[in-house]
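The sequence shown maps to residues 1 to 225 in the working numbering. A virtual CB, placed ideally from N, CA and C, is assigned to each residue, including glycine.
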Amino acid sequence: MQSCKFFMEYMRVTQGYGRYENGNIDYTSYSHTGSYAVDLGGRDTAKDWAYAPCDVVVKRVYGEYNAVWFETLEEVLCADGKKRKLVFMLLHIDNEDKQTLGIQPGKIFRFGEKFYREGSAGAVGNHIHMEVGLGPFTGTGWQKTTVKDRTGNYVWKINNQLKPDEIFIVGKDVIVMEDGGYDWYIQDRRDDKITLLQRENDLLKRQLDQYEQLIVRIESILDAL
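Structural data, given as structure tokens:
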């Protein structure tokens with residue numbers, strides 16, 4: 001089984017989620033309000049390539065913003081230790097790079113192959129707008145939300161959205177310049193499966209601790225009544 005690897009040589013998050021950890025909407029977000037979208041700027045202001053995080057197939061290409069939806073061919077192992085079929089939505093590749101890569105529905109990209117590139121189609125400045133959702137690909141691949149971003153436009157988000165930092169495994173060779181403040185799983189030298197299982201156990205323990213704290217607070221409130 002393949003793992004879902006972070007797909008650029010440099011990680012530089014230039015804009016993060018428009019939702020808080022508890023799921024509440026962050027209305028201060030510039031253009032990601034209500035979504036788990038991430039903007040990736042690569043090493044600098046030039047155009048870095050993106051490499052397929054696993055074997056994927058193109059499901060849809062949307063002209064505006066040069067949005068492309070990729071679906072994993074099979075279930076993949078994610079950073080939180082779970083196995084999922086995924087859909088990735090990437091925006092802003094320039095037309096010439098899209099043509100060079102031959103991006104069209106049905107096109108298959110194998111793990112590690114160039115499959116996208118930073119660009120500025122429909123955007124200001126070179127970057128990749130990235131979202132990830134639970135597969136399989138459905139409908140048009142995204143949905144219009146009921147919230148507006150700071151530009152006054154209604155936000156669209158990928159179907160069945162997931163948090164990227166819970167999905168992508170950041171390889172040892174990736175240079176992390178700016179992680180956006182998220183808890184990305186950085187691959188180390190231990191066995192991948194053991195490390196992922198430990199991470200999943202850590203996440204479960206953290207959730208149990210939160211539940212225990214909540215129970216204590218509820219008991220305190222009840223005692224005060």
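- When only Cα atoms are considered, M1 and E219 end up about 45 Å apart.
- Where E131 is concerned, the enclosing beta strand (DSSP E) starts and stops at 128-134.
- Residue pairing of T33 in beta bridges, as defined by DSSP: G18.
- I103 carries a coil assignment under DSSP once its states are collapsed to helix, strand and coil.
- Judged by DSSP in its simplified three-state form, D39 adopts strand.
- R43 places its beta carbon less than 8 Å from that of Y10.
- Annotation for Y30: Q15, D149, R150 place their beta carbon closer than 7 Å to its own, counting only its chain and skipping 5 residues before and after.
- Following the DSSP letters along the chain, one finds F88 inside the beta strand (DSSP E) bounded by residues 86-91.
- I93 and E118 have their C-alpha atoms some 5 Å from each other.
- C4 is a Cβ neighbour of I169, given a cutoff of 8 Å.
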